[in-house]
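Participant: Could you have a look at this structure, given as structure tokens, before my questions?
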Amino acid sequence: MLENIFFSIVAVVFLLILSGLFSGSETSITSVAKSKVHKLSIRGDKRAKILMNIINKKNDLISSLLIGNNFVNILASALATAILIKFYGDKGVIYSTIIMSLLIVIFSEVLPKSYALLRPEICIRYGKISVYFFKNCFSHNAICKICKLVFL
């Protein structure tokens with residue numbers, strides 16, 4: 005039982021980090037200086053060319069990041085609720101709501117977005133591969149295809 009709880013706690017921490025990545029990426033994409041990235045891509049920087057592709061499809065990417073962020077936050081909250089119910093019974097729901105709200109707001113929203121506003125080029129440069137992956141997983145088209153498979 006303890007190892008299940010340990011793995012659940014590790015999963016919650018991982019999901020909170022992933023949520024912070026989504027939030028920071030969203031902010032860095034909207035605040036990055038497109039002119040700087042464009043100059044770098046003209047000079048032949050491969051990373052900058054990938055960034056230009058990401059920036060040019062900003063709307064699709066932001067919707068994918070928001071969907072992914074909501075999915076991750078809900079999953080983390082559900083896991084935390086399950087853990088705290090084991091320890092505190094029905095009061096675990098209240099404790100989980102309070103704890104996860106604080107953790108998500110502080111560590112998955114405010115801090116990553118603040119850092120991304122200060123250094124958008126660094127955030128987008130190092131997060132672009134995971135952002136590109138999740139863009140394909142949580143894109144509007146991918147979700148529509150999954151819904152067709154499940155419901156039709």
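Counting in my numbering, the sequence shown runs from 5 upward without gaps. Every residue, glycine too, gets a C-beta built ideally from N, C-alpha and C. Bear in mind that the values here come from a model prediction, so they are computed numbers and not experimental data.
Can you tell me which of A37, G48, N77 puts its alpha carbon nearest to the alpha carbon of S112?
Facilitator: Of A37, G48, N77, the residue nearest in Cα terms is N77.
Participant: Would you kindly work out how many angstroms separate the C-alpha atoms of D94 and K50, rounded to a whole number?
Facilitator: Using only the alpha carbons, I get a separation of about 53 angstroms.
Participant: Give me the Cβ distance between I128 and L55, rounded to the nearest whole Å; I'm assuming they're in contact under 8 angstroms.
Facilitator: Confirmed, Cβ separation roughly 6 angstroms.
Participant: Sorted by chain position, which residues of the same chain lie with C-beta nearer than 7 angstroms to I89's C-beta, five sequence neighbours on each side aside?
Facilitator: G96, V97, listed in sequence order.
Participant: So what does DSSP say about A80, is it helix, strand or coil?
Facilitator: Three-state DSSP puts A80 in a helix.
Participant: CA-CA distance, A86 and N74?
Facilitator: Their Cα atoms are separated by approximately 18 angstroms.
Participant: Between M104 and A80, how many whole angstroms is the CB-CB distance? I'm expecting something under 8 angstroms.
Facilitator: Going by Cβ atoms, the distance from M104 to A80 rounds to 7 angstroms, so yes, they are a contact pair.
Participant: Please name the residue in Y92, I13, L65 whose C-alpha comes closest to that of S27.
Facilitator: For the residues Y92, I13, L65, the minimum Cα distance to S27 belongs to L65.
Participant: Taking the alpha helix (DSSP H) that R51 belongs to, which residues open and close that run?
Facilitator: R51 -> alpha helix (DSSP H) spans 50 to 60.
Participant: Could you compute how far the alpha carbon of F18 sits from the alpha carbon of I33?
Facilitator: Rounded to whole angstroms, F18 to I33 spans 22 angstroms at the Cα level.
Participant: Is L83 near S12, with beta carbons less than 8 angstroms apart?
Facilitator: Going by C-beta atoms, L83 is nearer than 8 angstroms to S12.
Participant: By the three-class DSSP mapping on this structure, what secondary structure does F109 have?
Facilitator: The residue asked about is misnamed: residue 109 is Val in this sequence, not Phe. The answer is helix: DSSP assigns V109 an H, G or I state.
Participant: For the alpha helix (DSSP H) that contains A120, what are its first and last residues?
Facilitator: Taken as a continuous stretch (DSSP letters only), the alpha helix (DSSP H) holding A120 covers 115 to 122.
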